[in-house]
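Under our numbering, the first residue of the sequence shown carries the number 1, and numbering increases by one thereafter.
Ideal Cβ positions, reconstructed from N, Cα and C, are used throughout, including at glycine.
A quick note: this is a predicted structure, and the numbers were derived from the prediction, not measured.
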Amino acid sequence: HWGRAVAGAWLGSPSNPTGTLIAEPELRAMIDYCREKSGFVIVDEIYHGLTYETSPVSAAAITDDVFVINSFSKYFGMTGWRLGWLIAPERFVPEIEKLAQNIYLAPPTPAQHAALTALEPATIDILENHRDAFKRRRDFLLPALRELGFDIPVQPQGAFYIYANCARLTDDSHAFTLRLLEDYGVAIAPGIDFGSHRTEEHVRFAYTTSMKKLQQGVARLAKALTNSPNNFDAPGAQAPLPNGRLVK
């Protein structure tokens with residue numbers, strides 16, 4: 001799909017919404033291909049650290065001729081501090097500095113001190129416990145969703161999302177998610193939030209809440225997909241549609 005209008009490639013690994021990881025050989029091949037085309041490579045590594053069966057290789061370890069974006073928001077859980085970093089080819093640093101000086105000048109001092117504390121070994125121990133908790137939640141939610149009829153061909157390797165095909169349950173993922181929210185108190189994201197490819201067939205689940213709430217959410221979802229006369233005490237609760245399909 002490379003054409004004259006293409007300046008480069010923007011990659012995300014681990015990915016939102018799929019949680020998939022680009023393996024090192026594939027990442028090297030993509031970087032080499034872009035280099036052959038004289039294109040830029042920007043790699044979003046914001047979810048690095050939140051991987052479960054393998055440790056991803058940073059694109060910066062493969063080549064210096066790449067832009068790598070990272071943040072304290074995800075692994076470190078510092079979303080409100082608005083702090084991150086950029087690794088860039090040295091020849092672009094002066095221009096990037098000009099942008100930084102005119103957009104935000106510098107991060108606030110308290111945020112910088114918080115980031116230093118986040119890098120301390122004692123803090124990393126806490127964060128690793130959080131990562132273990134994410135893995136346990138994923139290992140609960142993934143088979144539970146498959147049993148309910150969601151098609152999830154690939155196990156998420158990182159981040160905290162599951163991108164599920166819901167075509168066996170609905171032909172309109174946006175209406176599906178609205179119905180679940182309004183009638184059953186279950187919040188998931190429709191595929192339309194993540195692009196244009198077969199969005200009506202996909203929804204995204206996040207396992208960022210507690211195991212207890214995940215279990216409750218799965219139970220509510222299961223009831224929504226059955227023909228049970230019992231409904232949840234959610235605003236506007238209605239009986240499920242026939243055959244367990246939630247459509248417009």
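- Taking C-beta atoms as the reference points, Ala-164 and Phe-205 count as a pair closer than 8 Å.
- About 3 Å separates the CB atoms of Gly-8 and Phe-40; that is less than 8 Å, so the two are in contact.
- In this chain, Phe-76 is not harboured by any alpha helix (DSSP H), its DSSP state being neither H nor E.
- Between His-202 and Gly-191, the C-beta gap is smaller than 8 Å, which places the two residues in contact.
- Using a Cβ distance threshold of 8 Å, Asn-16 and Glu-45 do not count as a contacting pair.
- Three or more beta-carbon pairs separated by less than 8 Å link the region 107 to 119 to the region 73 to 93, which places the two stretches in contact.
- Look at the beta carbons and you see the region 129 to 143 touching the region 153 to 160: at least three pairs across the two are nearer than 8 Å.
- In the structure shown, Trp-85 falls within a strand segment according to DSSP collapsed to helix, strand and coil.
- According to the DSSP assignment, Val-218 belongs to no beta strand (DSSP E) but to the alpha helix (DSSP H) extending over 211 to 224.
- Restricting attention to Thr-208, Gly-149, Ile-22, the CA atom closest to the CA of Arg-131 is found in Thr-208.
- Looking at the DSSP output, Val-68 shares a beta bridge with Val-43, Ile-87.
- Here Ala-167 has Glu-201 as same chain residues with Cβ atoms under 6 Å from its own Cβ, once five neighbours each way along the sequence are excluded.
- Proximity to Glu-24 across Tyr-47, His-1, Pro-56, Tyr-33 peaks at Pro-56, based on C-alpha coordinates.
- For a cut-off of 8 Å, the C-beta gap from Val-186 to Leu-180 is around 4 Å, short enough to register as a contact.
- Taking all protein chains shown into account, Ala-61 has fewer than 16 neighbouring C-beta atoms within 10 Å of its C-beta and is therefore exposed.
- Residue burial annotation: Ile-31 is buried, with at least 16 other C-beta atoms found within 10 angstroms of its C-beta.
- Just so you know, the alpha carbons of Leu-50 and Thr-123 end up roughly 15 Å apart.
- In this structure, the beta-carbon distance from Ile-42 to Phe-67 falls below 8 Å.
- Of the other Cβ atoms in all chains shown, 16 or more fall within 10 Å of the Cβ of Phe-150; this residue is therefore buried.
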